Amino acid sequence: MTKTMKSCVLVLFFVSSCGGTPEVPREQYTPDKSDWSTFYDKAVSGEDAKNTDHSPDGVHWIDRNEWLPWDGNVISPLDYSKSELKNMICPGSTVRGLYELFD
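With the sequence shown counted from 1, adding 549 to any position gets you this note's numbering.
Following this line, the structure appears as structure tokens:
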């Protein structure tokens, strides 16, 4: 047996005897299906009966003029304080530019 063959045999013996970590059987976790039957009803009933849908126009307590557009310019968080940045992105009860996503 050559030196190379002896090395290969030793490596194979070592690998086969170590066995590594045992394979742990895994269970697939699939959560229960959510109940979405009340999703629409909750937005337009009870105290929120004035809401008509999930769009910005459907929220009765936010006036159309409060939905400010975003001009597309990048707003760097390094240039503003936390409160200034918050007010630039979320003026009042809205998020700047969100209304246009529903047009």
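C-beta atoms are modelled at their ideal positions from N, C-alpha and C, and glycine is treated no differently. This structure is a prediction, so every number in the text was calculated from the model and none was measured.
query                                                                                                          : result
Under 7 Å between C-beta atoms of Trp619 and Gly641                                                            : no
Contact check, Asn600 vs His609, beta carbons under 7 Å                                                        : yes
Trp616 classed as buried or exposed, judged by whether at least 16 other C-beta atoms fall within 10 angstroms : buried
Residue closest to Ile611, alpha-carbon to alpha-carbon, out of Glu572, Pro574, Val644, Val573                 : Val644
Through-space distance from His603 to Glu649, alpha-carbon basis                                               : 14 Å
Beta-carbon spacing of Pro580, Phe651 below 7 Å                                                                : no
Reduced DSSP category for Val593 - H, G, I as helix; E, B as strand; rest coil                                 : helix
Glu572 (DSSP reduced to helix, strand or coil)                                                                 : coil
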